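K.L.:
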């Protein structure tokens, strides 16, 4: 595919100067409109070594309004990045809505280099490319404009440029440059495959001949401009009917179908003496497992979901009591900050993924998307429906990295909830835990039940199954959770 | 000082239960009021090993509303932290306004441990304590409530507890515990000094006897509650007149005094041929210096300030053109996000301090505090006046860490500014750079001049002097900046 851009395009200075001013005006106008429309723009700068990618970055800085533009480079990983799933470093630098993120190096870099060096097999490579395609689809579904630019030069041109570059640059890196020259053909084959497998409607590739600087820069400008204008046109077009249709869960006249929650045995309980014994035993196991996790540099994520008043807070504290305070963080999920709102909904959870040897406990989580946001219509139908897959992909990345991931649904019945609400109203130090919203949510019990059922069905994967915890008896629930945590950690660290 | 809390205080279960409910109600109410008042609360949990600090953290989680509370632990440094000035890790985790940050381990930990191990001299130790006091004063001036808790147990109690703890905890860390037991006396002496030198009005220490769990927890709760209520009382009291008085810079009837800007020779210029030659020479030097910086793992911060239309953007691009795009980040300073607004004004700049081997270019900077915020009354008199010291302390930390820090003021005169404004209005692709605000700011030229003069006078330190750049001729300014950067990097890397 690269042959098509090895035709020696070039542009005179006069031609360049005749196009540049109006191109810049148009780019600025498009950038402003995209900012006003709160579209996050991702420009990926990639291609052959020696194609002048740095110059392109510099040129776009000149042409665009830099107050609204951030350039991110992915080079050496820090240990904070290495100790987390690979996409953490990309998530942490994604541009906010209304801004442009120029990515110099990207999610493509490592898979391509690894494949060129034969560090990964061709099927592992394809798998990475598939992950990239999914990731870009997720961003694009969230409203992002992704402009992928690949700068190409022929082999002879590269050889010459690298020689030139080596002369100017101080020692230490010439081997890196040599490698590129030597591996040109292999790099070309691998890149072609990468481009082909990720060239999708949501995020097409643009291959630009980079032999002549002026031609390269003007073509880049025009390509970026066209992509921006296309996006703006699409925004102006009448919204197509929301994708996907609601899954029918009940039928008029029929009795409510059983859900997975109905099979939870809520009569299970622990007596006081037994509870104290079991709690201490389980906490001691978690205490030891926590230190072993630390020493083995493994990380762990616990997710707590459940009905209002199901006892999430108390259960979380029984876990953290058993852990050295330096080993864990509890993240209560409340209203998002505006930086969080300006990103994909998973961004705020990626933020808190623990480093090696640490644990994060999420008090409510990304499942809000398919629970409260679904039931209360905070998310559109297509948004919460595709969230199942997005969440599964996310959790797969966590577990692939070796994170021990456990998800708890604390289940109580309506009668027990009412009893606890009343108790909260009468006990002074519990009153902050009960609001009118809680009573209102109760009236939508059945809707939530359907949502929970579907959530458990669709996101109980073999790598991250749900644990449904009977929680009518708090003592039983706490011990159940502690032993589940201990079991999982002991097994993972064995 | 610790003798006073070695008196064996303890509390029965009945006593505990009689106090706990109303204490919790009061704590929750105080927390809510502080949230409504947008006060950031910092609770520092420190003290002797074995005093049950982890249990205290857990207890406060139980008593407070966790949706509004984050616990941060400072333990192993990551390389991202090691490669930056030491306070970077504290800045990145400071609580936002209206939230509580519980710090388990803090800025006290390392100096104390280092001094116990004799890794630092007593004067270095005192210096660190002085820095801590300044840091806490800065936070407190910004409205933060700092509650510092020190948990103490006698030597015999510690020995017993550590033995107990060792039994439960899996291998690998017993040497750490032994160290604490062995070094108890030395730790005690060092801690006493730390507490004494940092026990100031803005952030007093509270020493709590931790021999009996119930006594420790209730005393903690009451101490936190009292501190919160005191803060709320202070907020309710009528505001005292703003501290400090404006520095008289002009006298009625007298001619405007000369400022440092008047001594800048604006006639300096470069002809085209000379410019092209000099530019290339300087960029080549910066190119090499950039790679040397990278190889030497040094970091570099460039600050660009100057009159509107002085040519900051163009000058910055001439620097970045000379650098590999992976080596630098440009941070344009626009309106803060709400996460930024919810912190001390320096927080958003700390965020972007580069890692080892990288450079950050700030397009406008923390100096906004003493320029636009001063002139436009966005900051109160006492706020911008104390900013000089805060900024000097900040920059001292950067340079002490080995960061090469350069600050440029691009100076033009009023006539040149007017010429450029007019040009911007007529050239289409420059129109986004000129707004009504720019014309308005122009009318306050003299106020800005006074502010710039004072800024240069007060923040030209020996570790971070200002470079005043004559910028009526853009070409001269660009070459001047590039050679200054090259000189500084070459000297630092020599």
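Residue numbers (my numbering), protein chains in the order written: chain A, 7 to 500; chain B, 7 to 500. By construction, the Cβ of each residue, glycine as well, lies at the ideal position given by its N, Cα and C atoms. These numbers come from a predicted model, not from an experiment.
Can you tell me whether DSSP reads residue 215 of chain B as helix, strand or coil?
P.N.:
Three-state result, residue 215 of chain B: strand.
K.L.:
Can you have a look at residue 369 of chain A and say buried or exposed, based on whether 16 or more other CB atoms are within 10 angstroms of its CB?
P.N.:
Answer is buried; the Cβ neighbour count reaches 16.
K.L.:
Could you say if the stretch 371-389 of chain B and the stretch 431-444 of chain B meet the contact criterion of at least three C-beta pairs nearer than 8 Å?
P.N.:
Not touching, per the Cβ criterion.
K.L.:
Mark residue 423 of chain B as exposed unless 16 or more other C-beta atoms lie within 10 angstroms of its C-beta, in which case mark it buried.
P.N.:
Flag for residue 423 of chain B reads buried.
K.L.:
What's the C-alpha gap between residue 419 of chain B and residue 277 of chain B?
P.N.:
Going by the C-alpha atoms only, they are around 20 Å apart.
K.L.:
Which word fits residue 164 of chain A, buried or exposed, when buried means at least 16 other C-beta atoms lie within 10 angstroms of its C-beta?
P.N.:
Looking at its Cβ environment, which holds 16 or more other Cβ atoms inside 10 Å, residue 164 of chain A is buried.
K.L.:
What residues of chain A sit near residue 31 of chain B, judged by a beta carbon separation below 7 Å?
P.N.:
Going along chain A in sequence order, the residues near residue 31 of chain B (Cβ under 7 Å) are 434, 435.
K.L.:
Identify the contact partners of residue 494 of chain A in chain B, using a Cβ-Cβ distance below 9 Å as the criterion.
P.N.:
Correct list: empty, because the minimum Cβ distance to chain B is about 17 Å.
K.L.:
May I have the straight-line CA-CA distance separating residue 353 of chain A from residue 446 of chain A, to the nearest angstrom?
P.N.:
Taking the straight line from one Cα to the other gives about 29 Å.
K.L.:
Are the CB atoms of residue 224 of chain A and residue 47 of chain A within a distance shorter than 7 Å?
P.N.:
Contact: no.
K.L.:
Using 7 Å as the limit for Cβ to Cβ distance, is residue 79 of chain A near chain D?
P.N.:
Among the protein chains in the structure shown, which are A and B, there is no chain D.
K.L.:
Using only CA atoms, which one of A:28, A:365, A:197, A:232 lies nearest to residue 293 of chain A?
P.N.:
With distances taken between Cα atoms, residue 293 of chain A lies closest to A:365.
K.L.:
Closest to residue 500 of chain B by CA distance: which of B:432, B:450, B:410 is it?
P.N.:
Nearest option by C-alpha distance: B:410.
K.L.:
Buried or exposed for residue 37 of chain A, please, with buried defined as at least 16 other CB atoms from any protein chain shown within 10 angstroms of its CB.
P.N.:
Classification of residue 37 of chain A: buried, given that the 10 Å Cβ count is 16 or more.
K.L.:
Does residue 323 of chain A have its Cβ less than 7 Å from a Cβ in chain B?
P.N.:
It does; some Cβ of chain B falls within 7 Å.
K.L.:
Tell me whether residue 124 of chain A is buried or exposed, calling it buried when 16 or more other Cβ atoms sit within 10 Å of its Cβ.
P.N.:
So residue 124 of chain A counts as exposed.
K.L.:
If you draw a straight line from the alpha carbon of residue 405 of chain B to that of residue 467 of chain B, how long is it in whole angstroms?
P.N.:
Taking the straight line joining both Cα atoms gives about 11 Å.
K.L.:
Between residue 395 of chain A and residue 351 of chain A, what straight-line distance do the alpha-carbon atoms span, to the nearest angstrom?
P.N.:
Those two C-alpha atoms are separated by around 14 Å.
K.L.:
Are there three or more Cβ pairs, one per stretch, closer than 8 Å when the stretch 68-83 of chain A is compared with the stretch 96-115 of chain A?
P.N.:
Flag = yes, the stretch 68-83 of chain A and the stretch 96-115 of chain A touch.
K.L.:
Taking residue 14 of chain B as the reference, give the member of B:158, B:87, B:91 with the closest Cα.
P.N.:
Checked all of B:158, B:87, B:91; the closest Cα to residue 14 of chain B is B:158.
K.L.:
Does any CB atom of chain B fall closer than 7 Å to the CB of residue 483 of chain A?
P.N.:
Not one chain B Cβ lies under 7 Å of residue 483 of chain A.
K.L.:
Residues of chain A with a CB under 8 Å from the CB of residue 441 of chain B: which are they?
P.N.:
Near residue 441 of chain B there are no residues of chain A at all, since even the closest Cβ is about 12 Å away, more than 8 Å.
K.L.:
Give me the Cα-Cα distance between residue 287 of chain A and residue 309 of chain A, rounded to the nearest whole angstrom.
P.N.:
The straight-line gap from Cα to Cα measures roughly 22 Å.
K.L.:
Find the residues of chain B that neighbour residue 73 of chain A, judging by a C-beta separation of less than 7 Å, and give them in chain order.
P.N.:
Those within 7 Å of residue 73 of chain A in chain B are 338, 340.
K.L.:
In angstroms with no decimal places, state the Cα-to-Cα distance between residue 203 of chain A and residue 33 of chain B.
P.N.:
So the two alpha carbons sit approximately 58 Å from each other.
K.L.:
So, is the C-beta of residue 362 of chain A closer than 7 Å to a C-beta in chain B?
P.N.:
False, the Cβ-Cβ gap to chain B never drops below 7 Å.
K.L.:
Give the residues from the stretch 282-306 of chain B that approach chain A closer than 7 Å (Cβ to any Cβ), ordered along the chain.
P.N.:
So the close ones are 290, 293, 294, 297, 298, 301.
K.L.:
Can you give me the C-alpha to C-alpha distance between residue 146 of chain A and residue 207 of chain A, rounded to a whole angstrom?
P.N.:
Straight-line Cα distance between these residues: approximately 10 Å.
K.L.:
Please classify residue 42 of chain A: is it buried, with 16 or more other beta-carbons within 10 angstroms of its beta-carbon, or exposed?
P.N.:
Residue 42 of chain A is exposed by the Cβ-count criterion.
K.L.:
What's the gap between the Cα of residue 161 of chain B and the Cα of residue 97 of chain A?
P.N.:
Spanning the two alpha carbons is a distance of roughly 48 Å.
K.L.:
Mind pulling the chain B residues with CB within less than 8 Å of residue 56 of chain A?
P.N.:
Neighbours of residue 56 of chain A on chain B: none; closest Cβ ~13 Å, over 8 Å.
K.L.:
For a test of the three-state rule: what should DSSP assign to residue 319 of chain A, helix, strand or coil?
P.N.:
Three-state result, residue 319 of chain A: helix.
K.L.:
Quick check: the Cα distance between residue 378 of chain A and residue 384 of chain A, rounded to an integer number of angstroms?
P.N.:
In a straight line, the C-alpha of residue 378 of chain A is about 8 Å away from that of residue 384 of chain A.
K.L.:
Which chain A residues sit within Cβ distance under 7 Å of residue 101 of chain B?
P.N.:
Correct list: empty, because the minimum Cβ distance to chain A is about 13 Å.
K.L.:
Any idea which residues DSSP pairs residue 78 of chain B with across the strands?
P.N.:
B:109, per the DSSP bridge assignment.
K.L.:
Counting only the same chain and skipping the five closest in sequence on each side, list residues whose C-beta sits under 8 Å from that of residue 198 of chain A.
P.N.:
So the list reads 7, 8, once near-sequence residues are dropped.
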